[in-house]
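Colleague: Residue numbering for the sequence shown follows the working numbering, starting at 1 and increasing by one per position.
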Amino acid sequence: MMEDMMDVGMEAGIFLAYAAGIALIFFFGKMLVIPARFMLKLLLNGAAGGALLVILNFFGGAIGITVPVNLITAFAAGALGLPGIAALVVYFFFW
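1. Measure the C-alpha to C-alpha separation of N70 and G50 and round it to an integer number of angstroms.
2. In whole angstroms, what separates the C-alpha of K41 from that of N57?
3. Going by beta carbon distance, what residues of the same chain come within less than 7 Å of N45, once the five residues before and after it are set aside?
4. Go to V90, then tell me how far its alpha helix (DSSP H) extends in each direction, as first and last residue.
5. Quick test of your reading: T66 and L88, contact by CB under 8 Å. State the CB separation rounded to the nearest angstrom.
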C-alpha cells in the first residue's frame with residue numbers, strides 16, 4: 001500500500017516537471033517569435049524599398065534622378081517609406 005502512494009507522488013512530480021517544461025517551451029517560444037516577426041517585417045520592407053528604388057531609377061533616369069540601390073539605401077527606403085525615398089532623392093540629387 002505504501003508503494004502505491006509513493007508511485008502516485010512520483011507520477012505527480014513527473015507530471016509537474018513535464019508541465020513546467022512545456023510552460024518554459026511556450027514562454028521561450030513566444031520570446032523568439034516576436035523578434036523573428038520584427039526581422040521578417042524589416043526584411044520585407046527592405047525588399048519593397050529596394051524595388052521602389054529600382055522603379056525610381058527606371059523612370060527617374062530620364063530626367064537625371066538616380067539613387068544607387070544597395071543594402072543601406074534599400075533598408076532606409078523600406079524603413080522610412082516614401083519620406084525616406086524622398087530624402088534619398090534629395091540627398092543624391094544635391095550631393
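Idealized CB from N, CA, C, for every residue including glycine.
Since the structure is predicted, the reported quantities are computational estimates derived from the model, not experimental observations.
Modeller: Checking against the coordinates, here is how it stands:
1. Looking at the two C-alpha atoms, the distance is approximately 8 Å.
2. K41 and N57: Cα-Cα distance of roughly 24 Å.
3. Around N45: G78, A79.
4. Where V90 is concerned, the enclosing alpha helix (DSSP H) starts and stops at 82 to 94.
5. Going by Cβ atoms, the distance from T66 to L88 rounds to 10 Å, so no, they are not a contact pair.
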